[in-house]
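What follows is a short report on a single structure.
There are 2 protein chains.
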Amino acid sequence: MYALAIHGGAGALPPRPLRSEREQAFHAGLANALGAGQAVLERDGCALDAVEAAVTSLEDNALFNAAHGAVLTSAGTAELDAAIMDGEQLRAGAVAVVRTVRNPVQLARRVLEDTPHVFLVGEGAERFAEQTQLARVPNEYFITPDRRRQLEAIKAQAAMPAALEQPPFGTVGAVARDRSGRLAAATSTGGMNGKRPGRVGDSPVIGAGTYADNRSCAVSTTGHGEWFLRTVQAYDIAARMRYGGASLEAAVVASIEQRLPHLGASGGLIAVESQGTIVIRYNTPAMFRASVRSGEQALIHIY
Amino acid sequence: MYALAIHGGAGALPPRPLRSEREQAFHAGLANALGAGQAVLERDGCALDAVEAAVTSLEDNALFNAAHGAVLTSAGTAELDAAIMDGEQLRAGAVAVVRTVRNPVQLARRVLEDTPHVFLVGEGAERFAEQTQLARVPNEYFITPDRRRQLEAIKAQAAMPAALEQPPFGTVGAVARDRSGRLAAATSTGGMNGKRPGRVGDSPVIGAGTYADNRSCAVSTTGHGEWFLRTVQAYDIAARMRYGGASLEAAVVASIEQRLPHLGASGGLIAVESQGTIVIRYNTPAMFRASVRSGEQALIHIY
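The listed protein sequences derive, respectively, from chains A and B.
The numbering of the first sequence is this note's numbering, which starts it at 143 and goes up by one.
The numbering of the second sequence is this note's numbering, which starts it at 143 and goes up by one.
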């Protein structure tokens, strides 16, 4: 059997309920991304390829806060972060502050495959991209009118603290268990609306926003990036399983529903363990999410 | 009581034993840094200030691979990474690919104190530095003739893989437990000799190279940065204690002496727990290290 889960971010509810047209568009985007990942798993592809395919689809969709449609820095630019990890051999690739690579998750995959390194950032990541076949785009490609308006709104509030209290929807991610039992995770984001240029959140940080180990679980998180960095959120789930003997569900509940609220942090995560059990939890009002297991119907939810 | 430990890197032995004059210089550098941190603890200062003081001293010493005397990228430049974490409230600050800030650990401290963020990299970190009172220097300040020669040597070997197999000495770090029972950790590095520009290792990554939580331990690592990113090394120690009920010593031994060699990874770490017990372990031939506890004699060792 195989299992796949994706997310399009967790956060506060919009000021008024999403209008149904827009809600349908989010549903369709999640369905497309889930289908892209599932197609890989259905043809016996590996979990690593499946999460890359799903996240690529979400990156290309302007509705989500990753690549095309990313939120903007205080300087009005898009700076993109992504990571991917293979639970089979703990191989990982990550990039941050990328400005011209159309699909940052694919650049993270190339770091994993083609370099002795795990994490490349900024200009160095751009220079590495030149040595790959990956599509490059001007920074304007990522920037949508919606995100410009959101940046203006947050600047009007003059409010980084407010931004921290109300993380926007949108970071995307995927976790998968393929038919051979391999686990993988990937995450991609534009970060936080109005962030300081050069700011890196949890998404591209192995152990914080992204983690996979066949012996425990694969995890992709979304929410308060700064808190998830401090709590080493993704690896915290794996460690509760490996060292505390917790089930995936018990580990996630303890970490997301008990520990994070105690710290005043909000967000959510998707996770899958070696037997294909999927767990999705969030302590925010809503989270864009979808999942499917071989032979079962796909589930797509927002609230 | 208080406790303080520092390291100046773990790695393979130099081709021939360090000549005694050079060995004395390393001893003196470790003693100075230990003294700088101890002075803070002796006057009832906090653990966070103590680790910052100790690491600043090591950064200023050209013998160690951090700030002045850092190893160089393949482009011949110095790109500096550092992190600092307060175990009291899980506050953390980190910077990577810094090129003009004399003491990167101090910039990491400013990220912790003055921003809502945890991690700033590259140009964004430099721009943030402009808003602080921190000393700025041209990149040449960091570059020593020794490091230029080492870069030429590794280029002659045309060998990133070799570099990965033989991590050089030098990453620096400190962990402390102050008289009030607060824990803190800090790490600073130039990274890996001949690294690709933009490469980030474990040192500035919270959970990988640096971690502190009053309820478990403070950890600073040195070694195979890429492996320590994949194994989420520093948090792995804390998690073995919190979720597995291990003592600090048992956690470190299991992680460094059993897990890492099984993966083919080498390195070491310094750690201190809430009662002031210090544990230092490495699976490399040598590690520059020093420690002291209130009322006890300082220990300084290389082999």
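Don't be surprised by glycine CBs; every beta carbon is placed ideally from N, CA and C.
Between residue i and chain A, is any beta-carbon pair separated by less than 8 Å?
i	result
Gly-338 (chain B)	First, the residue type needs correcting, since residue 338 (chain B) is Arg and not Gly in the sequence shown. Yes, its Cβ sits closer than 8 Å to a Cβ of chain A.
Gly-153 (chain B)	no
Ile-348 (chain B)	yes
Tyr-377 (chain B)	yes
Val-374 (chain B)	yes
Leu-381 (chain B)	A small correction: the amino acid at residue 381 (chain B) is Ala; Leu does not occupy that position in the sequence shown. Answer yes: the Cβ-Cβ gap between Ala-381 (chain B) and chain A drops below 8 Å somewhere.
Arg-401 (chain B)	no
Leu-371 (chain B)	yes
Glu-368 (chain B)	yes
Does residue i have its Cβ less than 8 Å from a Cβ in chain B?
i	result
His-259 (chain A)	yes
Val-138 (chain A)	Since the first residue of chain A shown is 143 and the last is 445, residue 138 (chain A) is not available in this structure.
Gly-386 (chain A)	yes
Leu-214 (chain A)	no
Arg-341 (chain A)	yes
Leu-190 (chain A)	no
Gln-308 (chain A)	Interpretation of Gln-308 (chain A) is limited by its pLDDT of 49, a score under 50 that renders its predicted location unreliable; the figure taken from the coordinates is listed afterwards. Chain B, which has no Cβ nearer than 8 Å to the Cβ of Gln-308 (chain A), makes this no.
Please check the pair residue i and residue j, which I expect to be a contact at CB under 8 Å, by giving their CB distance rounded to whole angstroms.
i	j	result
Val-317 (chain A)	Glu-201 (chain A)	With 8 Å as the limit, Val-317 (chain A) and Glu-201 (chain A) do not qualify as a contact, their Cβ atoms being about 16 Å apart.
Thr-373 (chain A)	Leu-232 (chain B)	7 Å
Gly-235 (chain B)	Val-263 (chain B)	So it is not a contact: roughly 12 Å between Cβ atoms.
Ser-489 (chain B)	Asp-223 (chain B)	This structure cannot settle anything about residue 489 (chain B), because the visible part of chain B is limited to 143 through 445.
Glu-272 (chain B)	Arg-241 (chain B)	The pair is not a contact, with the Cβ atoms about 13 Å apart (cut-off 8 Å).
Ser-362 (chain B)	His-210 (chain B)	With a Cβ gap of about 19 Å, Ser-362 (chain B) and His-210 (chain B) do not count as contacting.
Thr-364 (chain A)	Ala-152 (chain A)	5 Å
Asp-320 (chain B)	Gly-187 (chain B)	7 Å
Pro-258 (chain A)	Glu-368 (chain B)	7 Å
Ala-388 (chain B)	Phe-284 (chain B)	Ala-388 (chain B) to Phe-284 (chain B), Cβ: 39 Å. No contact.
Met-143 (chain B)	Gly-418 (chain B)	5 Å
Excluding the 5 residues preceding and the 5 following residue i in the sequence, name in chain order all residues of the same chain whose CB lies nearer than 6 Å to its CB.
i	result
His-443 (chain B)	Arg-431
Asp-191 (chain B)	Val-182
Gln-292 (chain B)	Asn-335
Thr-274 (chain A)	Arg-252
Asp-378 (chain A)	Ser-397
Go through its chain and collect everything with a Cβ distance to residue i's Cβ below 7 Å, but skip five positions before and after it.
i	result
Val-193 (chain A)	Gly-179, Ile-226, Ala-316, Val-317, Ala-318, Ala-326, Ala-327 and Ala-328
Ala-354 (chain A)	Met-227, Asp-228, Gly-229, Leu-325, Ala-326, Ala-327 and Ala-360
Glu-165 (chain A)	Ile-444
Arg-185 (chain B)	none
Ala-393 (chain A)	Ile-379, Arg-382 and Met-383
Phe-370 (chain B)	Asp-344, Ala-350, Gly-351, Thr-363 and Gly-409
Ala-217 (chain A)	Pro-339
At a threshold of 7 Å, does residue i count as lining the ligand HEM (C-beta to nearest heavy atom)?
i	result
Glu-368 (chain B)	The ligand HEM is not part of the structure shown, which contains no ligands of any sort.
Taking a contact to mean a Cβ-Cβ separation below 8 Å, would you say residue i touches residue j in this structure?
i	j	result
Val-197 (chain B)	Ser-330 (chain B)	yes
Val-395 (chain A)	Arg-423 (chain A)	yes
Gly-266 (chain B)	Arg-338 (chain A)	yes
Val-347 (chain B)	Val-347 (chain A)	yes
Asn-425 (chain A)	Gly-406 (chain A)	no
Glu-391 (chain B)	Val-421 (chain B)	yes
Gln-375 (chain B)	Ala-350 (chain B)	yes
Arg-384 (chain B)	Ser-397 (chain B)	no
Arg-289 (chain B)	Leu-214 (chain B)	yes
Arg-435 (chain A)	Ala-145 (chain A)	yes
Gly-332 (chain A)	Asn-207 (chain A)	yes
Ala-173 (chain B)	Leu-205 (chain B)	no
Pro-427 (chain B)	Ala-147 (chain B)	no
Gly-177 (chain B)	Gly-386 (chain A)	no
Enumerate in chain order the residues of its own chain whose CB-to-CB distance from residue i is below 8 Å, with the five nearest sequence positions on each side excluded.
i	result
Leu-276 (chain A)	Val-243, Arg-244, Asn-245, Gln-248, Leu-249 and Arg-252
His-169 (chain B)	Ile-442 and Ile-444
Ser-433 (chain B)	Ala-145, Leu-146, Ala-147, Ile-148, Leu-176, Ile-412, Ile-420, Ile-422, Ala-440 and Leu-441
| Within 7 Å of chain B by C-beta, residues of the region 262-273 of chain A in sequence order | Leu-262, Val-263, Gly-264, Glu-265, Gly-266, Ala-267, Arg-269 and Phe-270
| task | Residues of the region 227-238 of chain A with a CB closer than 7 Å to any CB of chain B: list them in chain order, please. | result | Leu-232, Ala-234 and Ala-238
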